Amino acid sequence: MAIPFTFSVCKPIFPRPFQYANNALALQRSDFVLRRTRSSSFCGSSQHGGFGKQPRLVRERTPSELQQKNDNSIFRLAKLACGMHYFCGTRARLFTSTNREGTHVIRTTLVVVLAVATICQAQPLRRITRPVPPPVVVLRPAEFVPMPSNSEFRAVMPRPEVAAKKDVVVYWCEVTLNAIKAEKTPPPIAARNLAVVHIAIYDAANAVDRKYEPFRFDERVPPGASVEAAVSAAAYRTLVNIYPRQIPAFNDALRAVLTPLPRSPRTSAGIAVGETIAKKVLEWREKDGDLVRTNYTTRDALGHWKPTPPDYRPPLLPEWTKVRPFALRNMESLHPPPPPKLDSDEFVAAFREVKELGGKTSRKRTEEQAQIATFWADGEGTVTPPGHWNRIATTISKALRLSTLENARLFAMLNVAMADAAIACWDCKFKFDFWRPVTAIRDAAKLNRSELDSDPNWEPLLTTPPFPAYTSGHSTFSGAAAAVLAAFLGSDQFRFYSDSEALPGVLRKYSSFSAAAEEAGMSRIYGGIHWSFDNKEGLKGGKKIGEYVSQNYFKPLE
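Under our numbering, the final residue of the sequence shown carries the number 839; numbering is consecutive throughout.
Okay, here's the thing in structure tokens:
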């Protein structure tokens, strides 16, 4: 017999600077019901939120059972009416000579009961949800959750028919990237969020089809559980905690995946394991340092970073150096040597290179180099550099026709490496505090070196990001991603195309992952915002991280 079930989500575990609903989510469309339940409304008492009881698979009555319930209700009312009729007839005789008022009350009660029974026979009882503390909320498909939302924050999700044609892991990756764009998530946070989502997806999918070592958590799953349901539940629960303003869009995405699935114990079991794994991942990362914010004092000295034109914004995420890594154990071992001294030949060569190639009005930069700078920009309001590499991974997945579990492994490995690459890179940036080209070129006269031509009006092709230069984030992300993709395929050599949000319709072709990573690193020099040594050391550090993750995690079971 088909068993309908309730899919509910507790309140987000990550605190946010605005109030949002803490009632549970559940999806109602034909076979799926979205409701707020006693166990999920109060999800813990910790300061930062938490989870209470585990979601239960709620058995709902079939249409035949509901009709039987209605018939039984009518029968009970009729039986009650007959009983009251007997009672009233007996008691009326007793009250006739002593208490006519009592007889009148009983006869009135009999009339009311018989009237109710007659109405029920004329119109069968309908299925309703009764308010109990806390009140049950049955949400219609058009109004899933009353969340503080604005159209500007709602990402556009793929249509249901589009979702049905995609692998479920690739689909939820796209949903996550849409949220990153809608919320204008900075690259380090985007990398972390992608890692959280894809770790939950991987451990849930691997629990259903156990072929690899779990990254963090393992669960016992009934045979035949739906991997699509497990992946969707894991992705959905993590995303609504990370991006609560995007819940309406996530509801649409969830409906697109779950609606085609059958009502069955397999689907219910898949949802249960996905929710359980996601809960554990969220609790594991609850206090990893991503929400800590600190003040950073700039140093007014040559060679040190200071806010850059045109906006002179404060440094972005200086506290990211304290975020707990996902896989790395010794961050210090990955640190590069310090940047070259200002009087060194290496610095002079890098100075001249970026000044000639990266200027806004440069005549030595070729059209292709300018295209490369824009192609890899991945600035604010885009999927960011980590998202760009996720889209490259999507291209690889489609070309190789990977299974759901293989996709889960690929995207988890990729995003864990890039999340740790972000932490390592930001650690270098704020440890060495090295200035950006625009600052150095405008202040070069203060260095008293004839080889360095100062230009107080020099502008880079791209807008300089608000944080120190050494090492390059693009290079570190790209080095890690290229190493993971090469390890996953067993070879760095792979021909593929990549597109860009900044240049719609433009495709660039690569013969290897390392070639794409090197181009991504050089794009920052062509854009005038990084030094050559930023790129060189970033690629090296990122590659070490990617190799470490791929060699020590996600290994096949023996």
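The beta carbon of each residue, even a glycine, is placed where N, CA and C say it ideally should be.
In this text, all values refer to a predicted model and were calculated from it rather than measured experimentally.
Three-way DSSP call (helix, strand, coil) for residue i in this model
i, result
"LYS560", "helix"
"GLY640", "strand"
"LYS712", "helix"
"LYS447", "coil"
"ARG789", "strand"
"HIS811", "coil"
"TYR493", "strand"
"PRO468", "helix"
"PRO837", "strand"
"HIS585", "strand"
"TRP670", "helix"
"PRO546", "helix"
"PHE692", "helix"
"GLU613", "helix"
"PHE632", "helix"
"PRO599", "helix"
"ALA510", "helix"
"ALA476", "helix"
"LEU520", "helix"
"LEU623", "coil"
"ARG646", "coil"
"SER804", "helix"
"GLY662", "coil"
"ALA608", "coil"
"PHE498", "coil"
"PRO414", "Annotation note: pLDDT 32 at PRO414 (below 50); position unreliable, no value reported."
"ARG580", "coil"
"TRP565", "helix"
"PRO268", "This structure cannot speak to residue 268, because the chain is shown only from 282 to 839."
"GLY823", "helix"
"GLY570", "coil"
Beta-carbon proximity of residue i to residue j, cut-off 7 Å
i, j, result
"SER507", "ARG536", "no"
"ILE722", "PRO606", "no"
"ALA761", "ALA698", "yes"
"THR663", "GLU500", "no"
"TYR834", "ALA481", "no"
"PHE713", "PRO619", "yes"
"LEU742", "GLY668", "no"
"PRO785", "LEU597", "no"
"PHE715", "PRO749", "yes"
"ALA700", "ALA472", "yes"
"ASP780", "PHE794", "no"
"VAL512", "VAL450", "yes"
"GLU634", "SER813", "yes"
"ALA654", "GLY823", "no"
"LYS587", "THR579", "yes"
"ALA488", "VAL554", "yes"
"CYS706", "GLY754", "yes"
"LYS641", "GLU740", "yes"
Member of the options whose CA lies at the smallest distance from the CA of residue i
i, options, result
"THR744", "VAL521, PRO590, TYR517", "PRO590"
"ALA516", "VAL538, GLY505, PHE496", "VAL538"
"TYR778", "ASN487, SER678, GLU732, VAL573", "SER678"
"ILE461", "PRO666, THR578, ALA511", "PRO666"
"ALA693", "VAL554, TYR493, LYS446, GLU600", "TYR493"
"ALA559", "ASP581, ASP571, LEU520", "LEU520"
"LEU683", "THR655, PHE769, VAL830", "PHE769"
"TRP453", "ASN532, GLU464, THR642", "ASN532"
"TYR577", "PRO747, TYR829, GLU800", "PRO747"
"LYS446", "ALA488, ARG497, PRO495, GLU509", "GLU509"
"ALA796", "SER756, SER549, GLY808, SER735", "SER756"
"HIS811", "PRO837, THR752, PRO595", "THR752"
"TRP601", "PRO469, LEU820, GLU732, SER804", "PRO469"
"ASP734", "LYS636, GLY822, GLU818, ARG644", "LYS636"
"ASN738", "VAL719, LEU681, ALA680, GLY771", "VAL719"
"VAL604", "PRO543, ALA680, ASP569", "ASP569"
"GLU661", "TRP565, THR540, LYS465", "LYS465"
"GLY505", "HIS479, ALA550, THR540", "ALA550"
"LYS225", "ARG594, ARG610, THR676", "Any property of residue 225 remains undetermined from this structure, which presents the chain solely from 282 to 839."
For residue j and residue i, believed in contact at Cβ under 8 Å, the rounded distance
i, j, result
"ASP484", "THR685", "So it is not a contact: roughly 14 Å between Cβ atoms."
"ILE552", "VAL477", "So it is not a contact: roughly 19 Å between Cβ atoms."
"PHE628", "PRO617", "Not quite, the Cβ-Cβ distance comes to about 15 Å (not below 8 Å), so this is no contact."
"LEU475", "ASN688", "With a Cβ gap of about 14 Å, LEU475 and ASN688 do not count as contacting."
"GLU556", "ARG518", "6 Å"
"TRP657", "ALA801", "5 Å"
"GLN650", "TYR807", "4 Å"
"VAL765", "GLY827", "4 Å"
"LEU691", "LYS825", "The Cβ separation is near 20 Å, so there is no contact."
beta-carbon residue i near the ligand GDP non-hydrogen atom, thresh 6 Å
i, result
"ASP571", "Annotation note on the ligand GDP: not contained in the displayed structure, which lists no ligands."
- Message: As an exercise, report each continuous alpha helix (DSSP H) stretch of at least 4 residues that is fully enclosed by the region 718 to 786, in chain order.
- Response: 718 to 723, 754 to 770
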